[in-house]
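Chains as they are written, first to last, in my numbering: chain E, 1 to 285; chain C, 286 to 570.
Data block below; observations after.
Protein chains: 2
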Amino acid sequence: MAESLKGKPVADAIKAELTEKVASLKEKGITPKLGIIRVGARPDDLFYEGGAKKTCQIVGMDSEVFEYPEDIDQASFEKAVTEIGAKKDVNGILMFSPLPKSLDERKIRSLIPVEKDVDCLTVGGAAKVFTDDATGFPPCTPTACMEMLHFYDIPIKGKKCVVLGRSLVVGKPMAMLLLREHGTVTICHSRTENLPDVCKDADILVAAVGRAKMVTADFVKPGQIVIDVGINADPDNPGKYCGDVNFADAEPIVEKISPVPAGVGSVTTSVLCKHTIMACEMQNS
Amino acid sequence: MAESLKGKPVADAIKAELTEKVASLKEKGITPKLGIIRVGARPDDLFYEGGAKKTCQIVGMDSEVFEYPEDIDQASFEKAVTEIGAKKDVNGILMFSPLPKSLDERKIRSLIPVEKDVDCLTVGGAAKVFTDDATGFPPCTPTACMEMLHFYDIPIKGKKCVVLGRSLVVGKPMAMLLLREHGTVTICHSRTENLPDVCKDADILVAAVGRAKMVTADFVKPGQIVIDVGINADPDNPGKYCGDVNFADAEPIVEKISPVPAGVGSVTTSVLCKHTIMACEMQNS
C-alpha cells in the first residue's frame, strides 16, 4: 500500500510559515493583499475563490474580490484591470480564466503588472519561469507540486521526472521547475508513442493531462512517486471528482501517490498566498 | 556506416527559398536588412559575422555592422542600441554576447525591440518560444537543428527526443521546438543519473552541452539520429574543432549523425537571415 501524499500537512506548514511572515510585515505597517478578479460566477471559480479568501484570512493577509458581469465590454474591463493593477495596496492579482469569449483575454492579461502576477497569467511571468528568474511566480499548481515534493523529502536531483501533459498552466512550467532542481525531465503527451512505457520509466510521475483516470496500472511501477494534478468529474461517481490517475489501479503498485481530492489541490491557495506575500516583500523592499 | 547529416544542402535549400522571398520583397521596394552589433573583435564573432554577411549577400538582403570598442560605457552603448533598434531600415538585430563585464548585458538586451530580436536575446523573445507564439524567433542554433530534421525527413511526432544540455541558448528552446512538433522530449544534463542510458534511449539525440566528445559509444544505439550542436576546441587536434559527440565512436553505431564542422553550424546564418526576412515581412504587413 502506497504512502498517501496528502496536501493538508503541506498547506498547513506553508500557512504556519506565512502567518509568521505576515505578522512581521504587519509590525512594519504592511498588510499583504490579494486582489481577485472574477467575471461572471462559475461554481468552480467561486469554490476556489472561497478557498483563497479563507487562506488569506488564516495567514492574516487581506483579500478583495473585484467582480464583473459576464457582459462587461472590453474597454470597461481594460480600465478596471488597469486600475486594480495600479492599486498600491494590492500586491498580487489572481484573475479567473477563461474570460468570456467577447473579451480579448490576451490583451487583458497583459494589463496585469508582472510584479503582481502571482499565478503566471502574463507573458512576462512565463518568461521568468522559462529563464529561471527567481523574481517570477510560476503558476500555483506546479509550484504546489514542488511544495509537495519538498515537504515529503522526495529527491529530485538527477531523477527521472516524467510530466504527462504540456499545458502552459501546468505541464511546461512543471518541467521547468523540476529542471531548476536538476531533475532529468521528460514531457510526454497524447502524441507520445508507447505512453505507458514512458510514464512507467519515471522515478517521479506528474500527471497533468486533464483526463479522468487515464493513468492505469500499466503506466506505473513499484518504487514510483506519483503526483496527480488532475481534477476531473469522476465518470464512475456522479458529483465527485477524480484525478488523472486511476487511484485504485495505481495505489497498490507505487511507493507514494497524491490523492484526488485532498492532494495537490489542497496546496494551491497556500502557494497563491505565499506568492502574494513574496510580491508584497519585493514591492516594499 | 551512418548517413552524414551535412548542413550545406540544408543551408542551400533555405537560401534558395530566401532568395526568392527577397526578390519579391524588392519588387515592392523593400530590402530586408540585418543589423549586427559587435563590441570588441573576438575571432569567433568575426568569423560568424563574416558568414552572416555573406549569407545576406547571397540571398540579396542588406547587412550592417555596428562596431563598438570594448571600453564603451553603459550609457553610450544603451543609446547606440536604442538608436539601432529604432532604425526603420533594420529589420533584425544580432548582438554578439557575452558583452564585456563592464556592461549590464541584461539591460542592453532589453533595448532590442522584440519584433527585431531574430536570435532570441530578449526576455520577450524567450517568452514567445515558451508559449509557442509563432511571431517569435527562437535562437538560431536550435532552429537550425529543426531545419536539419525537416530537410532530412526525420519524423519527430511521438518520437523520443533527448536534449543533452539545458542552456537558454540551445537546450531549453530546442526542447520547446521539439515539443511543438509533438516529440516526447527529455532534457538531461550533467546531474542526470545514468546519463548514457538516458541518451541511448533516444530516437533523436541532440547534444548541446559544450563538452568535447563527451557523447561516447555507450550513449548511442543503432537506429538513432544524432544532431551534434557542440563546437569545441578539439583536444586531440590543436587548432581544429569538434562536437559534443565522439564522432569516431558514434558514427559506426547510429543511423544518421550530423558532423562537426559542416553540420548544424553551417545552417545557423541561413536561419538568421530567414528570421530577419520574416521580421521584415511582419514589419511591413
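Just so it is clear, CB atoms sit at the ideal spot from N, CA and C, and this is done for glycine as well.
- Kindly list the residues whose CB is nearer than 7 Å to the CB of Val10 (chain E), restricted to its own chain and excluding five residues on each side of it in sequence; keep chain order. Glu147, Met148, Phe151 and Val267
- Beta-carbon of Arg106 (chain E) versus every beta-carbon of chain C: anything under 7 Å? no
- Message: The beta strand (DSSP E) that contains Gly35 (chain E), what's its start and end?
- Response: Lys33 to Val39
- Since Leu379 (chain C) and Val403 (chain C) are thought to touch, with beta carbons under 8 Å apart, how far apart are those beta carbons, to the nearest angstrom? 7 Å
- Query: For Val215 (chain E) versus Asp244 (chain E), is the C-beta distance shorter than 7 Å?
  - Reply: yes
- Task: Starting from the C-beta of Arg109 (chain E), find all residues in its chain whose C-beta is less than 6 Å away, skip the five residues before and the five after it, and write them out in chain order.
- Result: Leu121 and Thr122
- Task: Give the DSSP-derived three-state secondary structure of Gly314 (chain C) in the structure shown.
- Result: coil
- Query: Taking a cut of 9 Å between CB atoms, which residues from the segment 466–477 of chain C lie near chain E?
  - Reply: His467, Gly468, Thr469, Val470, Thr471, Ile472, Cys473, His474, Ser475, Arg476 and Thr477
- Message: If the cut-off is 8 Å on Cβ atoms, which residues from the segment 429–445 of chain C count as contacting chain E, listed in chain order?
- Response: Lys442, Gly443, Lys444 and Lys445
- Query: Where do the N-terminal and C-terminal ends of the alpha helix (DSSP H) with Lys351 (chain C) fall, by residue?
  - Reply: Correcting the residue identity first, residue 351 (chain C) is Phe in this sequence and not Lys. Where Phe351 (chain C) is concerned, there is no enclosing alpha helix (DSSP H), although the beta strand (DSSP E) it sits in stretches over Asp347 to Tyr353.
- Query: So what does DSSP say about Ala207 (chain E), is it helix, strand or coil?
  - Reply: strand
- Query: For the segment 194–263 of chain E, which segments carrying the beta strand (DSSP E) assignment without a break, of at least 3 residues, lie completely within its bounds, in sequence order?
  - Reply: 204–207 and 225–228
- Under 7 Å between C-beta atoms, does Thr82 (chain E) make it to chain C? no
- Item | Cut-off 7 Å between Cβ atoms - residues of its own chain near Phe504 (chain C), not counting five sequence neighbours on either side | Pro481, Cys484 and Lys485
- In three-state DSSP terms, what is Glu288 (chain C)? strand
- Message: Along the chain, where does the alpha helix (DSSP H) containing Ile343 (chain C) start, and where does it finish?
- Response: Pro328 to Val344
- Item | C-beta atoms of Thr19 (chain E) and Ser270 (chain E) nearer than 7 Å | no
- Item | Outcome for Asn246 (chain E) when other beta-carbon atoms lying within 10 angstroms are tallied against a minimum of 16 | buried
- Message: Taking only three categories from DSSP, how would you classify Gly85 (chain E)?
- Response: helix
- Query: Going along chain E in order, which residues have a C-beta closer than 8 Å to the C-beta of Val514 (chain C)?
  - Reply: Simply none; closest approach about 18 Å.
- Message: Within 10 Å of its beta-carbon, does Arg451 (chain C) have 16 or more other beta-carbons around it, so buried, or fewer, so exposed?
- Response: buried
- chain C contact residues for Lys54 (chain E), given Cβ-Cβ distances below 9 Å: None at all; the shortest Cβ gap to chain C is about 32 Å.
- Task: Report the rounded CA-to-CA distance for Leu178 (chain E) versus Val344 (chain C), giving the unit in angstroms.
- Result: 43 Å
- Task: Would you please state the rounded distance, in angstroms, between the beta carbons of Val514 (chain C) and Ala287 (chain C)? I believe it to be under 8 Å.
- Result: In fact, because the Cβ distance is near 17 Å, the residues do not count as touching under 8 Å.
- Query: From Val206 (chain E) to Ile154 (chain E), what does the alpha carbon distance come to, in whole angstroms?
  - Reply: 13 Å
- Query: Ends of the beta strand (DSSP E) at Leu449 (chain C)?
  - Reply: Lys445 to Leu449
- Query: Could you give the distance in angstroms between the alpha-carbon of Pro383 (chain C) and the alpha-carbon of Lys392 (chain C)?
  - Reply: 13 Å
- Secondary structure of Cys188 (chain E), DSSP reduced to three states: strand
- chain E partners of Thr416 (chain C), CB-CB under 7 Å? Val123, Ala126 and Leu168
- Message: I'd like to check one pair, Gly421 (chain C) with Pro398 (chain C): are the Cβ atoms closer than 7 Å?
- Response: no
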